[in-house]
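Encoded as structure tokens, the structure appears first; notes follow it.
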Amino acid sequence: MRQPTLFEGSKRLVYDDAVDLTVQSLQAYGPSHDHWAIAWSGGKDSSALLTLVVHLIDVGRITAPKTLTVFYADTRQELPPLAIAAQAIMAQLAARGIRCEVVTAPLDKRFLVYILGRGVPPPNNNTLRWCTRQIKIDPMAGALEARLDTLDGNILMLTGVRQGESAIRDNRIAMSCGKDGAECGQGWYQEVLPNAKGIRGRIATLAPLLHWRVCNVWDWLRIYAPIKDYGGWSTAAIADAYGGDEAEEKNARTGCAGCPLASKDLALDTIVAMPDWSYLAPLKGLKPLYRELRLPTNRLRKAGIETLKDGSIAANPQRMGPLTFDARLMGLDRVLSIQSDCNNGARQQNRPTIDLLNREEEARIRELIAAETWPQGWDGDEPTADTPMASIFADGSMQPLLV
Ligand code: SF4
45 MRQPTLFEGS
55 KRLVYDDAVD
65 LTVQSLQAYG
75 PSHDHWAIAW
85 SGGKDSSALL
95 TLVVHLIDVG
105 RITAPKTLTV
115 FYADTRQELP
125 PLAIAAQAIM
135 AQLAARGIRC
145 EVVTAPLDKR
155 FLVYILGRGV
165 PPPNNNTLRW
175 CTRQIKIDPM
185 AGALEARLDT
195 LDGNILMLTG
205 VRQGESAIRD
215 NRIAMSCGKD
225 GAECGQGWYQ
235 EVLPNAKGIR
245 GRIATLAPLL
255 HWRVCNVWDW
265 LRIYAPIKDY
275 GGWSTAAIAD
285 AYGGDEAEEK
295 NARTGCAGCP
305 LASKDLALDT
315 IVAMPDWSYL
325 APLKGLKPLY
335 RELRLPTNRL
345 RKAGIETLKD
355 GSIAANPQRM
365 GPLTFDARLM
375 GLDRVLSIQS
385 DCNNGARQQN
395 RPTIDLLNRE
405 EEARIRELIA
415 AETWPQGWDG
425 DEPTADTPMA
435 SIFADGSMQP
445 LLV
């Protein structure tokens, strides 16, 4: 019988070519590092990378390193079907004796605690994407530093960054977060992580799937990886979470539920359109909530020109700042309602419940609000950002209120 080829079609790299290039890159760079690590978020690209690398080691196509550590980046904002699939894969890794560490940001730095407790507005495309660094890169750097301290030598960090076949031609790696079909964080692990404090100079990164197209990823997750000869991995659930057979066309970007930076909730839309996951539809309320929290009525504003700690003048007078306590409590209430609506639906349908905000995180948010916590540089006595005031420009000139 003819063995199916993974990536059929004249425009695609065929299975052998795609995997051969992956094997070549691992053979070229792998042996000079005794210790490997994989930055895994449970999304499609890094899950494909993880399962393929373990398979290639299992069948002897690449030489196993002395140690392999998998770092599962748990942001607490993962799309539930992916988080559930990750649990199944972690059990399979454990059964193979592969070390897997779950990496989570410290309580006060977690996405919802930082926003609703500390009052920092949800990220948007102008806020330098603080979330990616804070809930993905910094915790990963910390976990790597701790691991490096127990090992002799450096670590080769494998990431799921992809650029498609064009990468072979132009040899360019971009931050993948904003790219179609990319997985948030992988580009940062590739580009930013090696320079992180504590691990600078101690890790090298490699993107063995750089040349893979999104269709290659879906085919691996859905068709090959679940087959026993390829490892028998529980990866089909990942492809299913993105629309099963139609996943390829959807080309969904992977990241947090309700990511405020994605233009559309494509992945979440696909998930809640499936009968099994339709009870997660209340999660669609997250993105509008994050947008609403950024409105002037929910935030403070500097009244005039601001003198910074070093005596210099801030470049953006009258900048908008943190969330008011009322806004934070409103946000907390909405997130808890979304969670309980999902979980009521889950219980009715005998489906898995979600854990968006646990008791410890909720208590910490309430504690931070009760302690009247403001982000650095804010006292809480600034006016709300919808208060009419004379305009002050960066050069110090002022335009009074027109009455
Ligand atoms: S998916 Fe969105 S919210 Fe989550 S870390 Fe990435 S950019 Fe931030």
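Counting from 45, one number per residue, gives the positions in the sequence shown under our numbering. Each residue gets a CB set at the ideal place from its N, CA and C atoms; glycine is no exception. Because the structure is a prediction, the values reported are computed rather than measured.
Assigned secondary structure, residue i (DSSP; H/G/I helix, E/B strand, else coil)
i	result
C300	strand
D214	Residue placement at D214 is flagged as unreliable, the pLDDT there being 48, under the threshold of 50; a coordinate-derived value is accordingly withheld.
K223	Note that K223 scores a pLDDT of 47, beneath 50, so its modelled location is shaky; the value from the coordinates is reported in the next line. Correct three-state label for K223: coil.
F115	strand
W422	coil
E405	helix
S435	strand
T176	helix
W277	coil
Distance, residue j Cα to residue i Cα
i	j	result
F369	R345	14 Å
K272	G421	57 Å
K328	G365	26 Å
N342	E336	8 Å
P109	W262	27 Å
I382	L310	19 Å
A240	W84	18 Å
C300	L123	6 Å
A358	C386	44 Å
L265	W277	8 Å
R391	P125	16 Å
C303	P432	31 Å
A434	G424	20 Å
P238	I247	6 Å
N168	L305	5 Å
P75	V103	17 Å
A280	I267	8 Å
L23	I82	With the chain represented from 45 up to 447, any question about residue 23 goes unanswered, as that position is not in the structure.
beta-carbon residue i near ligand 1 non-hydrogen atom, thresh 7 Å
i	result
A306	yes
C144	no
T119	yes
C303	yes
R173	yes
K328	no
G299	yes
C386	no
G229	yes
I159	no
T176	yes
Identity of the residue in the options nearest residue i by Cα
i	options	result
L192	M364, D78, N169	D78
A117	G186, S307, G424, L253	G186
A129	S91, R140, P165	S91
L156	M374, D354, G424	M374
Q178	G163, T203, Q230, Y158	Y158
Q393	D320, R410, R378, I413	D320
A149	Q121, S76, L376	Q121
E416	L367, S441, R206, D102	L367
C228	I243, W174, T194	W174
S322	R403, L312, V205	L312
**Q.** Touching by the beta-carbon criterion (3+ pairs, under 8 Å), the region 196 to 203 and the region 136 to 145
**A.** Too few Cβ pairs lie closer than 8 Å, so no.
Q.
Three or more C-beta pairs under 8 Å: does that hold for the region 254 to 267 against the region 61 to 68?
A. The region 254 to 267 is in contact with the region 61 to 68.
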